[in-house]
Each structure stands twice: as structure tokens, then as C-alpha cells.
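Report on the structure given below.
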Amino acid sequence: MKIRLVSFDLLHTLITPRYPIHVQYARVFEPYLGPLNPDDVQHSFRIVLSALKQLRDEKPFYDKDASSWWSEVIRRTALGAGAEPKVLENSLSLITPRLIKAFSSKEGYKAFDDSLPTLRALHHDLDVKTAAVSNGDSRILSVLKDLDFPAYLNPIILSEAEGVEKPSPKIFDLVLQRVNVDRETPITPAEWVHVGDDLMCDYFGAHNAGLHALLLDRPGAENQRDAGVEVDPADVVNDMNEVLEWYNDNVYARASTRICGTCDGPPPIQVVFGSLYVQ
2 MKIRLVSFDL
12 LHTLITPRYP
22 IHVQYARVFE
32 PYLGPLNPDD
42 VQHSFRIVLS
52 ALKQLRDEKP
62 FYDKDASSWW
72 SEVIRRTALG
82 AGAEPKVLEN
92 SLSLITPRLI
102 KAFSSKEGYK
112 AFDDSLPTLR
122 ALHHDLDVKT
132 AAVSNGDSRI
142 LSVLKDLDFP
152 AYLNPIILSE
162 AEGVEKPSPK
172 IFDLVLQRVN
182 VDRETPITPA
192 EWVHVGDDLM
202 CDYFGAHNAG
212 LHALLLDRPG
222 AENQRDAGVE
232 VDPADVVNDM
242 NEVLEWYNDN
252 VYARASTRIC
262 GTCDGPPPIQ
272 VVFGSLYVQ
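Residues in the sequence shown are numbered from 2 upward in steps of one, following my numbering.
What follows is the structure, encoded as C-alpha cells:
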């Protein structure tokens, strides 16, 4: 097996909220609405997202300015957490840009410790192309820039810009189209693996598009593996180290067997505590 492209989901795969979202919301709410219980904010936020999911499916937020969609999320979340409606009405125009600004920068997000070292290992040590595909909006680009993600993580395909979301095969097709522009030997789906934390959007979305897929199940993260759908254990990774191990196992090991039957392949690379070492 030859892998020439590794693509990543962004949120909860390469980056994660710096503090729990409901805690950040409660902190921003307080100067305008008074103290709201973060647990109530969390409960309300989950209900709001669930209620708006059907609306998003019928009219995705990329059909209009994403800030309008998020303003509605913020409004309903605050009301559900006990905010005084009149006070909220007078303050929403101040709260919304404050939260959007926070979640457009490293104020709201951080990179996982293993994200940047893994991208460097793939690019510099293994000469593997990297890309990203996300159901997020354009704010995530400023987050990545603020967190010093490298320019070689490219292309970055966003549902807001493209008008299509994972798990649709169309958004994965767009990745390959952009990657193969001016490429003498085009990359094929068989030479591509996608890594993400969402069972349907990332794992099955990638599989249905004809490429390899790894389901990221970080310790302590909420996951969907109990949804009654069977996932091949070999396709589940707990961190980015295991993504590189998967690459080693599926590229180096098979290549060495094919070349000489029993000899070892090139030394596998692994990321440990943010630095590279050769096993």
C-alpha cells in the first residue's frame, strides 16, 4: 500500500476548545447578563444544537452569513440557561461578536499536543501531502493561523465555502481535485487516508468516497462508537502517534516484505511528547 495523502478533520481532531465551550460562553455572558450556571449553559447549548440540527440540514449555515446562524445559537443558549429576555435582547449585538471573535482565534481553541509534530513528520520526514476537510466555517482558518499551523496543510476544504458537507462524497472529491492540480502523477483514493473523530462524517464519509479512513477516539473524548455500528478495530486510533504507526504498518512493513521478504523497512517514525524519534 502506498499512501501519498493524509487528510484531517479539524475540530476535535487537530484542534479543540481551549476550555469547555459552555464555560467560555458563561464567562462571556456574565458581564452582560449576570452570572449563569455553566451547567445550565451546557444543558441549554446541547438542546439548542439538537433543535437547530434539522434547520441546519434543511438550510445549512453556509447558505448565509455564518454569524447569523451562530447568533441564533447564542440567543437560544442564553435564554435556555435562564437569561432575562429583555436584557439579552439589548445585549445580543455585543455578545455575539465577542464570542465569534473568541472562537476565531487561539483564545477559544488550542492545538492538540500531537497535531503539529505529526504534520511536520508527515511533510518533512515522510514526504506525504497533508490536507484538511471540515464542516466548519471560515473562522477556523484564522484559528489555524493564530495557532501557527503550517502553510503546507493545504488545501483546507470548508463546507461553508463549498456548499457541501461531510459525509457527502462530493466534499472529499473536492479535496482530491485541489490536491491534484498541476500534479504530474495524480493521487488516487487508494493512496489517501482520512483521519477524523466523527463516525458518520469522517469515518463512513471517507469510506463511502472510496478512500481509507481512521476513526480518531482520543481518551476522554465523547465518541459515537456505541451507536451500534461496527468499526474495524484496525481503523481506530487513539492519538496521532497511532496515525503514524498505521502509516508505518501499512507502508513501510508491506514495502519491505515486497522488496526482500524478510528484511526490515526504513525506520518507522513516531511522535513522542511533541518531538520525533526513530524506533
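We put the beta carbon where it would ideally sit given N, CA and C, even for glycine.
Item to check | Three-state class that DSSP yields for Asn-300 in the structure shown | outcome: Any answer about residue 300 is impossible in this case: the structure gives the chain only from 2 up to 280.
Checklist entry - Going by alpha carbons, who is nearest to Met-2 out of Pro-18, Phe-173, His-213 and Ala-122? => result Here residue 2 corresponds to residue number 1 of the sequence shown, with the count starting at 1. With respect to the C-alpha of Met-2, the residue from Pro-18, Phe-173, His-213 and Ala-122 having the closest C-alpha is His-213.
Next on the checklist: For a test of the three-state rule: what should DSSP assign to Lys-130, helix, strand or coil?
Outcome noted: Along the sequence shown, read from residue 1 onward, the residue named residue 130 stands at position 129. Of the three classes helix, strand and coil, the one that applies to Lys-130 here is strand, per DSSP.
Checklist entry - When burial is assigned at 16 or more other CB atoms within 10 Å of the CB, is Lys-167 buried or exposed? => result As a position in the sequence shown, residue 167 is number 166, starting the count at 1. So Lys-167 ends up on the buried side.
Item to check | Contained alpha helix (DSSP H) runs [length at least 4] in the stretch 178 to 214, N- to C-terminal order | outcome: Assignment of alpha helix (DSSP H) within the stretch 178 to 214, counting only whole runs of 4 or more residues, yields 206 to 209 in chain order.
Next on the checklist: With a threshold of 7 Å on Cβ separation, who are the neighbours of Leu-123 within its own chain once the five nearest residues in sequence on each side are excluded?
Outcome noted: Locating residue 123 in the sequence shown gives position 122, counting from the first residue. Val-7, Val-129 and Thr-131.
Next on the checklist: Am I right that Asp-115 and Asn-251 are in contact with their C-beta atoms under 8 Å? What's the rounded C-beta distance?
Outcome noted: Position 114 of the sequence shown, counting from 1, holds the residue named residue 115. Position 250 of the sequence shown, counting from 1, holds the residue named residue 251. Between Asp-115 and Asn-251 the beta-carbon gap is near 19 Å, outside 8 Å, which marks them as no contact.
Checklist entry - So is Glu-243 in contact with chain C if we call contact Cβ pairs under 8 Å? => result Included in the structure is just one protein chain, with no chain C present.
Checklist entry - In whole angstroms, what separates the C-alpha of Asp-1 from that of Phe-205? => result The structure shown does not extend to residue 1, since the chain is modelled only from 2 through 280, so no value can be given for it.
Next on the checklist: Alpha carbons only, please: which of Ile-48, Ala-207 and Leu-11 is nearest the one belonging to Lys-111?
Outcome noted: The residue you call residue 111 lines up with position 110 of the sequence shown. For Lys-111, the closest C-alpha among the options Ile-48, Ala-207 and Leu-11 is that of Leu-11.
Checklist entry - In the structure shown, what three-state DSSP assignment does Tyr-110 receive? => result Taking the first residue of the sequence shown as position 1, residue 110 is located at position 109. In the structure shown, Tyr-110 adopts extended strand secondary structure according to DSSP, grouped into three states.
Checklist entry - Do Ala-222 and His-23 have their C-beta atoms closer together than 8 Å? => result One-based indexing of the sequence shown puts residue 222 at position 221. One-based indexing of the sequence shown puts residue 23 at position 22. Judged by their CB atoms, Ala-222 and His-23 are not nearer to each other than the 8 Å cut-off.
Checklist entry - Is the stretch 83 to 91 touching the stretch 33 to 43, taking contact as three or more C-beta pairs under 8 Å? => result The stretch 83 to 91, when compared against the stretch 33 to 43, does touch it at the 8 Å Cβ threshold.
Next on the checklist: Assuming Ser-69 is part of the alpha helix (DSSP H), what are its boundary residues?
Outcome noted: Here residue 69 corresponds to residue number 68 of the sequence shown, with the count starting at 1. Counting along the chain, the alpha helix (DSSP H) containing Ser-69 begins and ends at 67 to 81.
Item to check | Sequence-distant residues of the same chain with beta carbon closer than 6 Å to Arg-179, five excluded per side | outcome: Numbered from its first residue, the sequence shown carries residue 179 at position 178. For Arg-179, where only same-chain residues beyond five positions count, the Cβ hits under 6 Å are Pro-156.
Checklist entry - If we ignore side chains and look at the alpha-carbon of each, how far apart do Tyr-20 and Gly-109 end up? => result Mapped onto the sequence shown, residue 20 falls at position 19. Mapped onto the sequence shown, residue 109 falls at position 108. Taking the straight line joining both Cα atoms gives about 7 Å.
Checklist entry - Do three or more CB pairs link the stretch 141 to 150 to the stretch 170 to 188 at distances below 8 Å? => result Short answer: they don't touch.
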